[in-house]
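To start, the structure under review is shown below, and the notes come after it.
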Amino acid sequence: MDNPQQKVWDGCTGKERCVVAYFAPWCPICHKNVAFFKELRRQLTHAPKVGLVYIVGYDRLTACEDLAAEIGSPIHLDPRREFDKIADFGSVPYFWVLDKDRMVLTDFAWTGSRNDNMRTAVEHFIESRLE
52 MDNPQQKVWD GCTGKERCVV AYFAPWCPIC HKNVAFFKEL RRQLTHAPKV
102 GLVYIVGYDR LTACEDLAAE IGSPIHLDPR REFDKIADFG SVPYFWVLDK
152 DRMVLTDFAW TGSRNDNMRT AVEHFIESRL E
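Structure, rendered in structure tokens:
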């Protein structure tokens, strides 16, 4: 049987950096930016040095599955908040950049309003940490 813990990291295996993003179904900003999250995945899918992991959690399984379907596969579901308990973050969406050993280099909590441009802030955060 596959190791579910390993499956979470499949998108980052062999990469120098890993971008991890955590979303929740009850988060209006997460829903508003689904197109951006899809585009970010397309941009990083074939990046030689950077991997991407998306996690949806902090809600009922069916709600997590619905948001995951909007964003698209691959995506890890965390309805029991296991990742949330380990990572100890307080808001969503939340982003991390990890090194090849999965140590956190930096993290970023989106705290802007619904009208602020999350896309610009996240792109800047990611680009500035991947060099």
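Count the sequence shown with this note's numbering and you get residues 52 to 182, in order.
Glycine included, every Cβ here is placed at the ideal spot set by N, Cα and C.
Classification of residue i by the beta-carbon crowding that lies within 10 angstroms, buried from 16 upward
i: W77; result: exposed
i: P55; result: Below a pLDDT of 50, predicted positions are generally treated as unreliable, and P55, at 42, falls in that range; the measurement from the model is reported next regardless. Its Cβ having fewer than 16 others within 10 Å, P55 is exposed.
i: D129; result: buried
i: D53; result: Its pLDDT being 38, under 50, D53 is placed unreliably in this model, and the value from its coordinates should be taken loosely. Counting Cβ neighbours within 10 Å, D53 comes out exposed, since fewer than 16 surround it.
i: V143; result: buried
i: G123; result: exposed
i: D110; result: buried
i: R92; result: buried
i: G62; result: buried
Residue of the options minimising C-alpha distance to residue i
i: K66; options: V101, W60, T113 and L156; result: V101
i: P99; options: C69, R111, V173 and I122; result: C69
i: D139; options: A160, E174, G123 and A172; result: A160
i: H82; options: L91, T96 and E121; result: E121
i: E174; options: T96, F146 and M154; result: F146
8 Å Cβ cutoff, residue i in contact with chain D
i: C81; result: No chain D is present in this structure, which holds just one protein chain.
Nearest-angstrom beta carbon gap, residue j and residue i [assumed within contact, 8 Å]
i: Y105; j: A72; result: 5 Å
For the region 76-96 and the region 107-117, state whether three or more C-beta atom pairs, one from each stretch, are separated by less than 8 Å.
yes
Which runs of the alpha helix (DSSP H) at least 4 residues long sit entirely within the region 113-170? Give them in chain order.
133-138
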